[in-house]
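Colleague: Numbering-wise, the sequence shown is residues 1 to 68 according to the UniProt record's numbering.
Just so it is clear, CB atoms sit at the ideal spot from N, CA and C, and this is done for glycine as well.
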Amino acid sequence: MRQSAAKFFKICQFVKYRFEKLTIHHIDYNKKNNDELNLISLCRKCHSKTGGKRKYWQNYFKEKVQRL
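Okay, structure coming up:
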């Protein structure tokens, strides 16, 4: 997952990134669900924003993944 930027999403304007600065986010917030469709890469700043309003972020990222 970290080796592919294909599923790298931005909430912020963080454009230049290095793979070691990315985090893996579970769209459904279930850390045991490691299905590829449930995982996306986010920069640390964006990942920290997803802690609240879980339903909002679930819908937001599901919609983005479906468009790929």
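Work out the CA separation of K32 and S41 for me, nearest whole Å.
Modeller: The residue labelled residue 41 in the question sits at position 41 within the sequence shown. The residue labelled residue 32 in the question sits at position 32 within the sequence shown. About 16 Å.
Colleague: Return the residue from the list I27, L22, D35 and K53 that minimises the CA-CA distance to F61.
Modeller: If you number the sequence shown from 1, residue 61 lands on position 61. If we check each option's Cα against that of F61, I27 comes out closest.
Colleague: Extract the residue ranges of the beta strand (DSSP E) inside the stretch 17 to 67, only unbroken runs of 3 or more that lie entirely within it.
Modeller: 22 to 26 and 39 to 43
Colleague: Measuring alpha carbon to alpha carbon, tell me which of E36, I24, L22 and N30 ends up nearest L68.
Modeller: Translated into positions along the sequence shown, residue 68 becomes position 68. For the residues E36, I24, L22 and N30, the minimum Cα distance to L68 belongs to E36.
Colleague: Smallest Cα separation from K53: which of T23, I24, K21 and Y29?
Modeller: In the sequence shown, counting from the first residue as 1, residue 53 sits at position 53. The residue with the shortest Cα to Cα distance from K53 is Y29.
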